[in-house]
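Sequence order for the protein chains is A and B. Numbering-wise (our numbering), the first sequence opens with residue 1 and increments by one. Numbering-wise (our numbering), the second sequence opens with residue 231 and increments by one. For every residue, glycine included, the Cβ atom is placed at its ideal position computed from N, Cα and C. The model shown is predicted, which means the values in this text are computed figures rather than measured ones. Working notes, structure below.
Number of protein chains: 2
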Amino acid sequence: MTDTRWRPVKRTRTFEDVLAQIEHRISEDGLTAGDRLPAERQLAEQLGVSRSSVREAMRVLETLGVVSSQAGRGPDAGAVLVSRPDTALTDLLRLHLGLAALELREVVDTRLMIERWAAGHAATARADTSALTAAYEGMAAARTPEEFVEHDTAFHCALADASGNRLTGAIMRSLRDSMRRYAVEAVERLGDTTALQADHARILAAITGGDPGEAERAVTDHLARAYPSL
Amino acid sequence: MTDTRWRPVKRTRTFEDVLAQIEHRISEDGLTAGDRLPAERQLAEQLGVSRSSVREAMRVLETLGVVSSQAGRGPDAGAVLVSRPDTALTDLLRLHLGLAALELREVVDTRLMIERWAAGHAATARADTSALTAAYEGMAAARTPEEFVEHDTAFHCALADASGNRLTGAIMRSLRDSMRRYAVEAVERLGDTTALQADHARILAAITGGDPGEAERAVTDHLARAYPSL
DNA sequence: CATCGGATATGGTCTGACCATACTGTGGTC
DNA sequence: GACCACAGTATGGTCAGACCATATCCGATG
């Protein structure tokens with residue numbers, strides 16, 4: 001009998017092959033954000049596959065925040081490499097929360113972890129606090145819970161960015177975005193937001209004062225107040 | 231003249247509409263992992279779009295670790311809802327690292343943050359350490375750097391899982407996977423791994439002993455030894 | 001020189017076909 | 001009745017070709 005004993009466990013799908021090729025090009029040619037990928041039809045011909053398969057690969061890359069497609073003609077058109085992990089992370093968290101595969105508590109705990117860490121780092125590094133201050137002042141003018149949450153989100157994301165680590169910043173933004181609706185509920189339940197604002201002032205002061213320990217404590221107290229049930 | 235003044239700012243693409251519909255169904259019907267989605271052709275007919283658009287939406291969901299497609303017939307075939315954020319996160323990190331949009335230092339810092347946090351929580355909760363012990367013993371038998379890194383990864387992922395937070399566990403696994411190649415290089419550069427193993431023993435002891443402070447210190451010291459340049 | 005309009009390149013969508021895969025049911029065989 | 005072989009069929013995976021929408025480019029025209 002002929003050799004039929006092995007057979008690969010799972011056939012790699014064509015679009016996965018396309019993905020591998022593109023990823024290989026990126027690392028091989030040292031492509032970075034701003035560079036353009038060949039057009040879909042051209043890529044399909046180069047790789048000897050149909051345009052559909054190329055398109056499915058593009059969709060994956062777009063989902064991962066690695067390319068951005070633009071129709072039309074000219075230097076801005078076509079598939080351009082970008083680096084936008086935020087939206088990808090947000091989609092990921094939102095969907096898995098919707099699937100009940102993640103609990104809100106896990107998200108909030110992770111947030112607490114990141115914020116404590118970021119606050120400590122920002123204080124140690126005496127980071128630039130202009131973005132933090134701006135968000136803090138915006139909060140004072142907020143009239144509705146939605147508005148408040150919006151500025152609150154900006155404050156906490158600025159805090160994460162102040163740590164100087166883009167990855168934690170991106171995770172933080174995604175965590176906030178995916179739980180926005182719960183944040184609004186929490187603020188409505190609390191009613192009064194003056195205490196939350198005072199917390200922010202304390203965090204800000206600790207960072208500008210360069211006191212990491214106090215900054216971490218302030219963040220911990222703040223989140224304990226915002227999510228008392230957790 | 232007819233009303234042409236408005237025009238939506240950006241036309242939503244068909245597959246995005248499909249995505250929104252599917253996501254709506256998930257949250258509305260309370261679908262969870264294990265449930266099946268309609269077949270591609272059927273979904274296309276229901277939504278009044280082509281199968282290509284449905285397929286592109288499926289590709290997105292698959293990329294985000296939310297569905298898994300299987301050809302054939304029967305209860306296991308078709309698009310099944312799953313919850314596998316790990317692979318999605320891994321792909322995301324790997325690609326953005328390849329794009330030089332993230333630096334290794336940021337990844338390692340994030341890892342340090344998670345591991346300290348997880349070790350502290352695991353110690354506080356007196357978590358089950360059987361997985362940790364198994365990985366620790368596997369490490370002793372490792373002959374090559376690759377083998378060592380493999381068991382080392384298992385140890386650190388078990389550590390993250392021991393915190394009881396699936397999100398941090400998933401992030402940890404993705405961080406490790408996306409930087410595997412650098413980990414092997416680091417181990418090769420070090421040569422001797424006995425010190426690293428002693429660190430692991432110390433971490434393990436702190437957790438089983440229920441001492442969060444010591445657990446965090448042990449993790450910090452361990453990573454400082456493994457990545458001295460950072 | 002400025003402006004307008006067609007040519008063109010690009011992504012987005014649709015249709016219909018075919019293939020590979022894996023279960024389902026049917027019928028025959030023992 | 002139990003078992004097995006095989007055709008049927010529902011599913012995802014891929015392909016080819018067409019058409020549309022959009023945005024630039026470029027040449028003709030004033």
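Your pair residue 312 of chain B and residue 364 of chain B does not check out as a contact, with CB atoms roughly 26 Å apart and the cut at 8 Å. In chain order, 135, 138, 139 and 142 place their CB closer than 6 Å to the CB of residue 151 of chain A, counting only its own chain and leaving out the 5 sequence neighbours on each side. Under the DSSP assignment, residue 308 of chain B falls in the beta strand (DSSP E) whose first and last residues are 308-311.
Apart from sequence neighbours up to five positions away, the residues of its chain that approach residue 438 of chain B with a beta-carbon distance below 7 Å are 359, ordered along the chain.
From the beta-carbon of residue 100 of chain A, the residues of chain B found nearer than 7 Å are 262. Sequence-distant partners of residue 170 of chain A (beyond 5 residues in either direction) whose C-beta falls short of 8 Å from its own C-beta, in its chain, are 85, 86 and 89. Taking 7 Å as the upper bound on Cβ-Cβ separation, chain B lies near no residue of the segment 171-192 of chain A.
In chain order, 80 and 82 place their CB closer than 6 Å to the CB of residue 68 of chain A, counting only its own chain and leaving out the 5 sequence neighbours on each side.
Three or more beta-carbon pairs drawn from the segment 151-160 of chain A and the segment 170-184 of chain A are found closer than 8 Å, and the two stretches are therefore classed as touching. Taking 8 Å as the threshold, the shortest C-beta distance from residue 113 of chain A to chain B falls below it.
Taking 8 Å as the threshold, the shortest C-beta distance from residue 256 of chain B to chain A falls below it.
Its chain contains 245 and 249 as the residues whose beta carbon lies nearer than 8 Å to that of residue 290 of chain B, once the 5 sequence neighbours on both sides are disregarded; these appear in chain order. Pairwise C-beta distances place the segment 208-218 of chain A in contact with the segment 114-122 of chain A, as three or more of them are shorter than 8 Å. Think of a sphere of 7 Å around the beta carbon of residue 282 of chain B: the chain A residues whose beta carbon falls inside it are 52, in chain order. Below the 7 Å Cβ cutoff, chain A contributes 64 as neighbours of residue 321 of chain B, in chain order. In terms of Cα proximity to residue 116 of chain A, the closest of A/190, A/172 and A/76 is A/172. At the C-beta level, residue 397 of chain B and residue 147 of chain A stay beyond 8 Å of one another. The beta carbons of residue 266 of chain B and residue 274 of chain B sit no closer together than 8 Å.
Between the alpha carbons of residue 292 of chain B and residue 449 of chain B lies a gap of roughly 35 Å. Collapsing the DSSP output to three states places residue 36 of chain A in a strand. The alpha carbon of residue 321 of chain B has as its nearest neighbour, out of B/451, B/392, B/375 and B/295, the alpha carbon of B/295.
Taking 8 Å as the cut-off, the beta carbon of residue 162 of chain A is found closer than this to the beta carbon of residue 132 of chain A.
Taking the beta carbon of residue 36 of chain A as reference, no residue of chain B falls within 9 Å; the closest one sits roughly 14 Å away. Between residue 379 of chain B and residue 410 of chain B, the gap from beta carbon to beta carbon is short of 8 Å. Residues of chain B whose Cβ lies closer than 8 Å to the Cβ of residue 56 of chain A are, in chain order, 285, 286 and 289. Where residue 417 of chain B is concerned, the enclosing alpha helix (DSSP H) starts and stops at 410-420. Exclusion of the five residues before and after residue 255 of chain B leaves 261 as the residues of its chain whose Cβ lies within less than 7 Å of its Cβ.
At least 8 Å separates the CB of residue 447 of chain B from every CB of chain A. A residue is called buried when at least 16 other Cβ atoms come within 10 angstroms of its Cβ; residue 224 of chain A does not meet this threshold and is exposed. Buried is the label assigned to residue 98 of chain A, since at least 16 other Cβ atoms lie within 10 Å of its Cβ. In chain A, no part has a C-beta under 8 Å from the C-beta of residue 259 of chain B; the shortest such distance is about 11 Å. Residue 375 of chain B is classed as buried because its beta carbon has at least 16 other beta carbons within 10 Å across all chains shown. Not a single C-beta of chain B is nearer than 8 Å to the C-beta of residue 222 of chain A. Interface criterion not met: the Cβ of residue 212 of chain A is under 8 Å from no Cβ in chain B.
Against chain B, the CB of residue 83 of chain A has a partner CB under 8 Å away; the residue lies at that interface. The C-alpha of residue 38 of chain A lies about 24 Å from the C-alpha of residue 332 of chain B.
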